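Q: In the working numbering, the protein residues as written are 6 to 138. All residues carry an ideal CB built from backbone N, CA and C; glycine is no exception. Just so it is clear, the structure is predicted and the values come from calculations on it, not from any experiment.
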């Protein structure tokens, strides 16, 4: 079974928050590796923010279920960005039987978007919304 998560973020909003709260915001949301890679560039920060939110949606937890830094988006030289899950995010992915994660990030001057597609080997544990009430 495939599970997806998508998120879009306004780049100026992330820039404004980053400038207003500085390292307090950065250290709450991003890992040291992400901060180092982004070097304060708003488009990079926004695309990673969107990626983290998209992953939380794919895991079915929303932003309250998993700490921001438990989802890390890394990019090695010459390679596309990838997701590293840690602690609670790893546990949730294991509980859902997720065997692979594909990530796509894109941004313009105004918006950053992320798409996550996960393959789950266990369709019985995926979150289901019951609309029959």
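To the nearest angstrom, how far is it from the Cα of residue 15 to the Cα of residue 126?
A: Against the chain shown, residue 15 aligns to sequence position 10. Against the chain shown, residue 126 aligns to sequence position 121. Spanning the two alpha carbons is a distance of roughly 34 angstroms.
Q: Looking at the unbroken beta strand (DSSP E) that takes in residue 27, where does it start and where does it end?
A: The sequence position of residue 27 within the chain shown is 22, counting from 1. Segment: none, residue 27 is in no beta strand (DSSP E) and carries neither H nor E.
Q: For residue 30 and residue 24, I'd like the C-alpha separation in whole angstroms.
A: On the chain shown, residue 30 is found 25 positions in, with the first residue counted as 1. On the chain shown, residue 24 is found 19 positions in, with the first residue counted as 1. Going by the C-alpha atoms only, they are around 9 angstroms apart.
Q: Just how far apart, CA to CA, sit residue 55 and residue 118?
A: Start at 1 with the first residue of the chain shown, and residue 55 comes out as number 50. Start at 1 with the first residue of the chain shown, and residue 118 comes out as number 113. One C-alpha to the other measures close to 6 angstroms.
Q: Could you pull out every unbroken beta strand (DSSP E) segment of at least 3 residues lying fully inside the stretch 67–93, listed in chain order?
A: Runs found: 76–79, 87–90.
Q: Can you tell me whether residue 35 is buried or exposed, with buried defined as 16 or more other CB within 10 angstroms of its CB?
A: Translated into positions along the chain shown, residue 35 becomes position 30. Counting Cβ neighbours within 10 Å, residue 35 comes out buried, since at least 16 surround it.
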